[in-house]
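Participant: The sequence shown lines up with residues 1399 to 1696 when you count with this note's numbering.
Quick reminder that beta carbons are idealized off the backbone N, C-alpha and C, glycines included.
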Amino acid sequence: MSALLPYLWPADSPDMRMRVLVSFLLLGLAKAATVAVPVVLKYAVDALTGVGPDATTVIVAVPVGLLLAYGLIRVLSLTFKELQGAVFAKVAERAIRQAGVRTFRHIHALALRFHLDRRTGGLSRAIERGTKGIEYVLRMMLFNIVPTMLEILLVCGLLWGMFDGWFAAITGATIVAYIIWTVAVTEWRIKFRRSMNDSDSEAHTKAIDSLLNYETVKYFGNEEHEANRFDAAMKTYEKAAVMSKTSLSILNTGQGAIIAGGVTIIMIMAGYGVTGGTMTIGDFVLVNTYLLQLYLPL
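#1: Rounded to whole angstroms, what's the CA-CA distance from Tyr1688 to Lys1429? Just pull it up for me.
#2: Please classify Leu1692: does DSSP put it in a helix, a strand, or coil?
#3: Given that a residue counts as buried once 16 or more other Cβ atoms are within 10 Å of its Cβ, and exposed if not, what is Ser1475?
#4: Measuring straight from C-alpha to C-alpha, what distance separates Leu1536 and Ile1543?
#5: Is the separation between the beta-carbon of Ile1525 and that of Thr1546 shorter than 8 Å?
#6: Would you mind working out which of Ser1411, Val1437, Ser1642 and Pro1404 sits nearest Val1683, comparing C-alpha positions?
#7: Under 8 Å, do Met1414 and Val1489 count as touching if we go by C-beta distance?
#8: Rounded to a whole number of angstroms, what is the C-alpha to C-alpha distance between Leu1423 and Lys1479?
#9: For the alpha helix (DSSP H) containing Pro1412, list its first residue and its last residue.
#10: Given a cut-off of 8 Å, decide if Thr1432 and Gln1691 are closer than it, judged by their beta-carbon atoms.
#11: Report the three-state DSSP secondary structure of Trp1407 (helix, strand or coil).
#12: Out of curiosity, what's the CA-to-CA distance linking Lys1637 and Leu1481?
#13: How far does the alpha helix (DSSP H) with Ile1578 in it extend, from its first residue to its last?
#14: Excluding sequence positions up to five away, which residues of its chain have a Cβ less than 6 Å from the Cβ of Gly1570?
#15: Just confirm the distance between the C-beta atoms of Leu1406 and Val1418, as a whole number of angstroms; I'd bet it's less than 8 Å.
#16: Roughly how many whole angstroms lie between the Cα atoms of Thr1454 and Ala1445?
#17: Lys1530 to Lys1633, Cα distance in whole Å?
#18: So, under 8 Å CB-CB, Ile1656 and Val1685 are touching, yes? Tell me the CB distance rounded to an integer number of Å.
#19: So which of Ile1494, Leu1521 and Val1672 has the shortest CA-CA distance to His1506?
#20: When the Cα atoms are used, what is the spatial distance from Tyr1635 to Trp1586?
#21: Using 8 Å for Cβ pairs, my map puts Leu1425 next to Phe1561. What's the rounded Cβ distance?
#22: Looking at the structure shown, is Gly1498 part of a helix, part of a strand, or coil, going by DSSP?
#23: Hey, could you find the ends of the alpha helix (DSSP H) Gly1559 is sitting in?
#24: Run through the region 1614–1681 for me and flag every whole alpha helix (DSSP H) of 4 or more residues, listed as ranges in chain order.
#25: Tell me, to the nearest whole angstrom, how far the beta carbon of Ala1497 is from that of Ile1532; I am working on the premise that it is less than 8 Å.
#26: Measuring straight from C-alpha to C-alpha, what distance separates Ser1645 and Ser1593?
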């Protein structure tokens, strides 16, 4: 992230800095609205089920007002999120452009020996993956991972304050187990992804260089030889891609099992709370909605 900071916060571009600040502001508003949604829904459900101090006198007006507020907050949450994406788009695309130009200049500054070993196809793929990956890293770190962690802390605090501390503890334990599993399996998967990238670059190197030397290939009748070289590289890519996708399925299965286990335990606790009279139906809905919102970005 330190290498990307100059692109994210350019010293010579106040406009880009302002866009970053506005993006964070919109992100904060979106998260606040997201956290408020389950609370409004809880009170709406409690009003509909006749729970609360004034349930008998406001049985019609309160649910309608709360449901309208629920819909409005959801719209605001989505609107703030989309506005944040629109505002940050120029920052991300400017970063891609500047990184691409910098890489292009660096390539031209390399020694002649590098260019005599011309690996045009692989080089172009590496540049493409690198520049396109910048936007992904920026968005994931700034607007997904960090905000999600903050939202997890906020939700755990709310669950701790509103209900039994075990709700927050189990939610936190589920997140920790999820992170440990994800990091461990991802570290194992990296070698397959690297093999995919290497073989993909090799295949494109062979394809592009062969086409650039089309006349020589045709002159010596080496079409079949070039096709075999390309096929060998693609075969390596195929094996790595299969392993990468298989390992991804293992990762997703484990993540789903961890989340399902945590949700099941918490919902059973909430169910006992409702039957025991310590929680309302609205509380049950609130807990379930928070969990779904919390785990969805993961």
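Facilitator: Considering the structure as presented:
#1: Position 290 of the sequence shown, counted from the first residue, corresponds to residue 1688. Position 31 of the sequence shown, counted from the first residue, corresponds to residue 1429. If I take the Cα positions, the gap works out to 12 Å.
#2: Locating residue 1692 in the sequence shown gives position 294, counting from the first residue. Three-state DSSP puts Leu1692 in a helix.
#3: Start at 1 with the first residue of the sequence shown, and residue 1475 comes out as number 77. Residue environment for Ser1475: buried (at least 16 other C-beta atoms within 10 angstroms of its C-beta).
#4: Taking the first residue of the sequence shown as position 1, residue 1536 is located at position 138. Taking the first residue of the sequence shown as position 1, residue 1543 is located at position 145. Cα to Cα, Leu1536 sits roughly 10 Å from Ile1543.
#5: Position 127 of the sequence shown holds residue 1525. Position 148 of the sequence shown holds residue 1546. The Cβ-Cβ distance between Ile1525 and Thr1546 does not fall below 8 Å.
#6: By 1-based counting over the sequence shown, the position of residue 1683 is 285. Closest by alpha carbon: Val1437.
#7: By one-based count along the sequence shown, residue 1414 stands at place 16. By one-based count along the sequence shown, residue 1489 stands at place 91. Result yes, Cβ atoms of Met1414 and Val1489 sit closer than 8 Å.
#8: Along the sequence shown, one-based indexing puts residue 1423 at 25. Along the sequence shown, one-based indexing puts residue 1479 at 81. Take the alpha-carbon of Leu1423 and the one of Lys1479: they are about 10 Å apart.
#9: Your numbering for residue 1412 matches position 14 in the sequence shown. That run of the alpha helix (DSSP H) goes Pro1412 to Leu1446.
#10: Here the question's residue 1691 lines up with position 293 in the sequence shown. Here the question's residue 1432 lines up with position 34 in the sequence shown. The Cβ-Cβ distance between Gln1691 and Thr1432 falls below 8 Å.
#11: Here the question's residue 1407 lines up with position 9 in the sequence shown. Here Trp1407 carries a coil assignment [DSSP, helix/strand/coil].
#12: By 1-based counting over the sequence shown, the position of residue 1637 is 239. By 1-based counting over the sequence shown, the position of residue 1481 is 83. Those two C-alpha atoms are separated by around 41 Å.
#13: Position 180 of the sequence shown, counted from the first residue, corresponds to residue 1578. Segment Gly1563 to Leu1610, the alpha helix (DSSP H) holding Ile1578.
#14: On the sequence shown, position 172 is the one that residue 1570 refers to. These residues qualify, in order along the chain: Cys1554.
#15: Counted from its first residue, the sequence shown places residue 1406 at position 8. Counted from its first residue, the sequence shown places residue 1418 at position 20. Right, their Cβ atoms sit about 6 Å apart.
#16: What you label residue 1454 is simply residue 56 of the sequence shown in a count that begins at 1. What you label residue 1445 is simply residue 47 of the sequence shown in a count that begins at 1. The pLDDT assigned to Thr1454 is 49, lower than 50, so where the model puts this residue is not dependable; a value taken from the coordinates is nonetheless given after this. Between the alpha carbons of Thr1454 and Ala1445 lies a distance of about 9 Å.
#17: For the purposes of this step, residue 1530 is taken as residue 132 along the sequence shown, with counting starting at 1. For the purposes of this step, residue 1633 is taken as residue 235 along the sequence shown, with counting starting at 1. One C-alpha to the other measures close to 25 Å.
#18: Here residue 1656 refers to the residue found at position 258 of the sequence shown. Here residue 1685 refers to the residue found at position 287 of the sequence shown. Cβ-Cβ separation between Ile1656 and Val1685: approximately 18 Å, too far for a contact (criterion under 8 Å).
#19: By one-based count along the sequence shown, residue 1506 stands at place 108. Out of Ile1494, Leu1521 and Val1672, Leu1521 has the C-alpha closest to the C-alpha of His1506.
#20: Locating residue 1635 in the sequence shown gives position 237, counting from the first residue. Locating residue 1586 in the sequence shown gives position 188, counting from the first residue. In this structure, the straight-line span from the alpha carbon of Tyr1635 to that of Trp1586 is close to 18 Å.
#21: One-based indexing of the sequence shown puts residue 1425 at position 27. One-based indexing of the sequence shown puts residue 1561 at position 163. That belief does not hold up - the Cβ atoms of Leu1425 and Phe1561 are roughly 27 Å apart, past 8 Å.
#22: Against the sequence shown, residue 1498 aligns to sequence position 100. DSSP places Gly1498 within a helical segment (H, G or I) once states are collapsed to three.
#23: As a working mapping, residue 1559 is identified with position 161 in the sequence shown. In the DSSP annotation of this structure, the continuous segment of the alpha helix (DSSP H) that includes Gly1559 starts and ends at Val1544 to Met1560.
#24: Taken in chain order, the unbroken stretches of alpha helix (DSSP H) that lie wholly in the region 1614–1681 and span 4 residues or more are 1621–1674.
#25: Here residue 1497 refers to the residue found at position 99 of the sequence shown. Here residue 1532 refers to the residue found at position 134 of the sequence shown. Right, the Cβ-Cβ distance comes to about 5 Å (below 8 Å), so this counts as a contact.
#26: By 1-based counting over the sequence shown, the position of residue 1645 is 247. By 1-based counting over the sequence shown, the position of residue 1593 is 195. Roughly 14 Å between the two C-alpha positions.
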